[in-house]
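One structure below.
Number of protein chains: 2
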Amino acid sequence: MRKSRVTGHDVAKAAGVSHNTVSLVVRDSPLVTPETKARVRAIIDEMGYQRNDVAMVLRSARSRTIGYLLPEDSAEAEVDVFRNQVLKAVTVCAEAHNYYVLLDLFSDAQSGISLMSSGRIDALLVDGRIPNESLLKLAARNLPLVLVGRDAGDLPISWVKADEEGGAFQVTSHLIEQGHQRIAWIAAGEAEHYIVSQRERGYRRALEVAGLQIEAASIVRGDWTFESGFALGYQLLTSSPRPTALFVVTELMAAAVLQAARTLGLRVPEDVSIVTIGDSFWSQYVQPALTTVQVPMKAVGTRATELLFQSINEDLPSPQQIVLPTTLIVRDSSKRVGNK
Amino acid sequence: MRKSRVTGHDVAKAAGVSHNTVSLVVRDSPLVTPETKARVRAIIDEMGYQRNDVAMVLRSARSRTIGYLLPEDSAEAEVDVFRNQVLKAVTVCAEAHNYYVLLDLFSDAQSGISLMSSGRIDALLVDGRIPNESLLKLAARNLPLVLVGRDAGDLPISWVKADEEGGAFQVTSHLIEQGHQRIAWIAAGEAEHYIVSQRERGYRRALEVAGLQIEAASIVRGDWTFESGFALGYQLLTSSPRPTALFVVTELMAAAVLQAARTLGLRVPEDVSIVTIGDSFWSQYVQPALTTVQVPMKAVGTRATELLFQSINEDLPSPQQIVLPTTLIVRDSSKRVGNK
DNA sequence: CTGAAAGCGCTTACAG
DNA sequence: CTGAAAGCGCTTACAG
Chain A
471 MRKSRVTGHD VAKAAGVSHN TVSLVVRDSP LVTPETKARV RAIIDEMGYQ
521 RNDVAMVLRS ARSRTIGYLL PEDSAEAEVD VFRNQVLKAV TVCAEAHNYY
571 VLLDLFSDAQ SGISLMSSGR IDALLVDGRI PNESLLKLAA RNLPLVLVGR
621 DAGDLPISWV KADEEGGAFQ VTSHLIEQGH QRIAWIAAGE AEHYIVSQRE
671 RGYRRALEVA GLQIEAASIV RGDWTFESGF ALGYQLLTSS PRPTALFVVT
721 ELMAAAVLQA ARTLGLRVPE DVSIVTIGDS FWSQYVQPAL TTVQVPMKAV
771 GTRATELLFQ SINEDLPSPQ QIVLPTTLIV RDSSKRVGNK
Chain B
471 MRKSRVTGHD VAKAAGVSHN TVSLVVRDSP LVTPETKARV RAIIDEMGYQ
521 RNDVAMVLRS ARSRTIGYLL PEDSAEAEVD VFRNQVLKAV TVCAEAHNYY
571 VLLDLFSDAQ SGISLMSSGR IDALLVDGRI PNESLLKLAA RNLPLVLVGR
621 DAGDLPISWV KADEEGGAFQ VTSHLIEQGH QRIAWIAAGE AEHYIVSQRE
671 RGYRRALEVA GLQIEAASIV RGDWTFESGF ALGYQLLTSS PRPTALFVVT
721 ELMAAAVLQA ARTLGLRVPE DVSIVTIGDS FWSQYVQPAL TTVQVPMKAV
771 GTRATELLFQ SINEDLPSPQ QIVLPTTLIV RDSSKRVGNK
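First to last, the sequence lines map onto chains A and B.
First residue of the first sequence? That's 471 in my numbering, and the numbers climb one at a time after it.
First residue of the second sequence? That's 471 in my numbering, and the numbers climb one at a time after it.
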């Protein structure tokens, strides 16, 4: 048991001060004179004293740790860079505030509640893929909480998300401006999947605003895999009349559609335009580089964490709800229709 | 302060038992009769009691948390899926053992030492990119530690890594068997970068074993970016005599070399073979799909975590050192030389 | 500016 | 099988 050998008590005795003073020195409190500090610090270094954080946490009821509740692995997860981008941003931001990040895989609401009541964390970030009914139970606890990557409807909960709907609207409108009228939509997962449904809304709204008909046959739904993207792309590209443009829900599936087109001998963008949305850097490196809407997940992670620290430190009066804009990036996979 | 409202003491009073008994019930100890358990559990539910983990940790000196020390962001990190794969595996594995994962960004050895002495964690996983001198200081603490993704030379430290050198040897030998004699190597980062140097060793050994000359001009070094891959690919493919095959240190840079070849009007694999190594699933979706060596980072994460739990529970006598095999995956970017 | 006392909420011996 | 006491190592009032 080397790790807990030296306690504040030992240091106090060696330095001829009280335990209390040692504690203040460790926290660099202005209540201690520089001379005493220097003397105590020398002893601390000499004895190799390291504070036991757990005792500190128990007594002060501040853990200097934020929790991050992640969904368990899903079909989607294999493919998804989303979570990684966010997690990285969260960790960097927490570190800057001198906080640790504690990871918890969501299994049910109870495990999340246990964590919130355990004293292990001061606040909780919740991944947007956690189901709403669990979210409600979690939000009922008395601990700052920020939802990451989606909104919470009418619930009085803080959240930070990207404007998925606006992004989808933007890229679909871009296609329409380029003269496309038959624009298919390749979705993924369940119809209620938050991000997919938001993107689909944007797609539908763009068509409606332009007065274009939304045909049922133009909307198909895969399972997040490259293979499903290929199959659906193939299906749509061999249907008649063939769409002049395809909007694909993820960049991986869009890359698959690119291959389906290639397999069929169709040129992109000359014969068909393909656009997508997401945050994968690979999408610019496929051939041709994909026109996409960039979703700023890193920024979402950072803003959410900043908001969490605000809640910890200031006791925010009402829920804060933040939407970050997306960016249309026109690359080589889309062009004006008919203009070969 | 809702979170700490109900304590074990309150439950004990309400149930008419001692605080001790409540503690045993929460831990589901066989020392308590089923009747008492049921009665106490009912009260626990009724009162909404949640154990304060921090007090438990302080008293029992077991945090039920493992630490994961990550390197700070580097140029390499932007591109790297490595860490994400590993982290996911670690988290899933920890969850299965009923442990949390605490993230810590490496700034210096001292911060790692503080964490190890803080009582917050029972054991520590260290990312392979942490420098050796810091690793030594960390390993000197009395806490189980496993190094992830690289070996530790002669140091008596447990580690789990993939056979990067063997993988590089394998894919280079594959090229040689296909008749290639001028095989260039595109590296990245600093010469001492562990993974890069291991891969380079495998490359050199394969050439040596085959009795092929290693020419200085065939070895170039980029900076992990797509752009540097493109530039170096372009340079090598316009050099004379042109290499018949290129082995590229990362899959992203290999995708860039593919584009350089396309830009030059060279066909892959007819005019030049391009092979790589890594764990990015994207490499199979570029055109042509890349021949690669699959590095099992997920398995590395899982094995490392399992090893860590062994160290926690059994007090392993000597360091365990595990090398996981890589797998050559021949796809469409390489072929027999001259056989057009 | 420093010290002595109390206590955060558990678990761990130990006694019955 | 259950209970009463001690204590993990800090921080927080409070007193001087």
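All C-beta atoms in this analysis are idealised placements derived from N, C-alpha and C, irrespective of residue type, glycine included.
Three-state secondary structure assigned by DSSP to residue i
{"i": "Arg472(A)", "result": "Only weak support is given to the placement of Arg472(A): the predicted model assigns it a pLDDT of 38, under 50, and the value that follows is read from those uncertain coordinates. The answer is coil: DSSP assigns Arg472(A) none of H, G, I, E or B."}
{"i": "Thr477(A)", "result": "coil"}
{"i": "Lys483(B)", "result": "helix"}
{"i": "Trp816(A)", "result": "Absent from the structure is residue 816(A), since the part of chain A shown begins at 471 and ends at 810."}
{"i": "Val551(B)", "result": "With a pLDDT of only 48 at Val551(B), under 50, the local geometry of the prediction cannot be trusted, and no value is derived from it."}
{"i": "Leu605(B)", "result": "helix"}
{"i": "Gly692(B)", "result": "strand"}
{"i": "Ile799(B)", "result": "strand"}
{"i": "Ser628(B)", "result": "strand"}
{"i": "Thr762(B)", "result": "strand"}
Residue i versus residue j - alpha carbon distance
{"i": "Val560(B)", "j": "Asp597(B)", "result": "12 Å"}
{"i": "Val793(B)", "j": "Gln668(B)", "result": "13 Å"}
{"i": "Ala654(A)", "j": "Ile689(A)", "result": "6 Å"}
{"i": "Ala610(B)", "j": "Ala525(A)", "result": "24 Å"}
{"i": "Lys558(A)", "j": "Gly518(A)", "result": "32 Å"}
{"i": "Ser588(B)", "j": "Pro626(A)", "result": "36 Å"}
{"i": "Ile782(A)", "j": "Leu615(A)", "result": "9 Å"}
{"i": "Gln754(A)", "j": "Arg801(A)", "result": "8 Å"}
{"i": "Asp693(A)", "j": "Gln520(B)", "result": "39 Å"}
{"i": "Arg712(A)", "j": "Val763(A)", "result": "24 Å"}
{"i": "Val476(B)", "j": "Ala484(B)", "result": "11 Å"}
{"i": "Glu660(B)", "j": "Gly699(B)", "result": "15 Å"}
{"i": "Pro795(B)", "j": "Val562(B)", "result": "22 Å"}
{"i": "Leu706(B)", "j": "Gly672(A)", "result": "46 Å"}
{"i": "Ser474(A)", "j": "Ile583(B)", "result": "Legend: pLDDT at Ser474(A) = 45, less than 50; position of this residue unreliable, value from coordinates given subsequently. Roughly 13 Å between the two C-alpha positions."}
{"i": "Val551(B)", "j": "Val765(B)", "result": "In this predicted model, Val551(B) has a pLDDT of only 48, less than 50, meaning its place in the structure is not dependable enough to derive any value."}
{"i": "Asp574(A)", "j": "Asp633(B)", "result": "31 Å"}
{"i": "Tyr578(B)", "j": "Phe751(B)", "result": "Inspection of the sequence shows that residue 578(B) is occupied by Asp rather than by Tyr. When rounded, the distance between both Cα atoms is 33 Å."}
{"i": "Pro787(B)", "j": "Ile656(A)", "result": "56 Å"}
{"i": "Phe639(A)", "j": "Leu716(B)", "result": "43 Å"}
{"i": "Glu652(B)", "j": "Gln683(B)", "result": "It is worth fixing the name first, because residue 652(B) is Arg in this sequence and not Glu. Straight-line Cα distance between these residues: approximately 9 Å."}
{"i": "Glu721(B)", "j": "Thr642(B)", "result": "15 Å"}
{"i": "Gly748(B)", "j": "Thr714(B)", "result": "22 Å"}
Exposure of residue i, with buried meaning 16 or more beta-carbon neighbours within 10 Å
{"i": "Asp592(A)", "result": "buried"}
{"i": "Ser533(A)", "result": "buried"}
{"i": "Ser803(B)", "result": "buried"}
{"i": "Arg590(A)", "result": "buried"}
{"i": "Asn522(B)", "result": "buried"}
{"i": "His644(B)", "result": "buried"}
{"i": "Ala731(B)", "result": "buried"}
{"i": "Asn412(A)", "result": "For residue 412(A) there is no data in the structure shown, the boundaries of chain A being 471 and 810."}
{"i": "Ile646(A)", "result": "buried"}
{"i": "Glu603(B)", "result": "exposed"}
{"i": "Leu501(B)", "result": "exposed"}
{"i": "His650(A)", "result": "buried"}
Start and end residues, beta strand (DSSP E) containing residue i
{"i": "Phe779(A)", "result": "Not the beta strand (DSSP E): Phe779(A) falls in the alpha helix (DSSP H), residues 767-784."}
{"i": "Ile744(A)", "result": "743-748"}
{"i": "Ile536(B)", "result": "535-540"}
{"i": "Leu573(B)", "result": "570-575"}
{"i": "Leu594(A)", "result": "593-597"}
{"i": "Val738(A)", "result": "Per DSSP, Val738(A) belongs to no beta strand (DSSP E) and is neither H nor E."}
{"i": "Ile792(A)", "result": "791-794"}
{"i": "Val807(B)", "result": "No beta strand (DSSP E) holds Val807(B); DSSP gives it neither H nor E."}
{"i": "Ile656(B)", "result": "653-658"}
Boundaries (first-last residue) of the alpha helix (DSSP H) holding residue i
{"i": "Gly523(A)", "result": "Correcting the residue type first, residue 523(A) is Asp in the shown sequence and not Gly. Looking at the DSSP string, the run of the alpha helix (DSSP H) that includes Asp523(A) is 523-530."}
{"i": "Gly637(A)", "result": "634-647"}
{"i": "Leu728(A)", "result": "721-733"}
{"i": "Tyr673(B)", "result": "664-679"}
{"i": "Thr506(A)", "result": "504-517"}
{"i": "Ala579(A)", "result": "579-587"}
{"i": "Thr491(B)", "result": "489-496"}
Under 9 Å (Cβ pairs) to chain A, residues found in the stretch 569-595 of chain B: Those residues of the stretch 569-595 of chain B that come within reach of chain A (Cβ to Cβ, closer than 9 Å) are Tyr570, Val571, Leu572, Leu573, Asp574, Leu575, Ser577, Ile583, Ser584, Leu585, Met586, Ser587, Ser588, Gly589, Arg590.
Below 9 Å between beta carbons is the criterion; list the residues of the stretch 740-768 of chain A that meet it against any residue of chain B, in chain order. Considering only beta carbons, the part of the stretch 740-768 of chain A lying closer than 9 Å to chain B consists of Ser750, Phe751, Trp752, Gln754, Tyr755, Val756, Gln757, in chain order.
Counting only Cβ-Cβ distances shorter than 8 Å, please list the residues of the stretch 522-538 of chain B near chain A, keeping chain order. Taking 8 Å as the Cβ-Cβ cut-off against chain A, the residues of the stretch 522-538 of chain B that qualify are Asn522, Asp523, Val524, Ala525, Val527, Leu528, Ala531, Ser533, Thr535.
At a Cβ cut of 9 Å, what residues of the stretch 699-730 of chain B count as close to chain A, listed as they run along the chain? So the list reads Leu722, Ala725, Ala726, Leu728, Gln729, given in the order they occur along the chain.
With 9 Å as the limit, tell me which residues of the stretch 684-699 of chain B have their beta carbon closer than that to any beta carbon of chain A; keep them in chain order. Look at the stretch 684-699 of chain B: the residues with a C-beta under 9 Å from a C-beta of chain A are Phe696.
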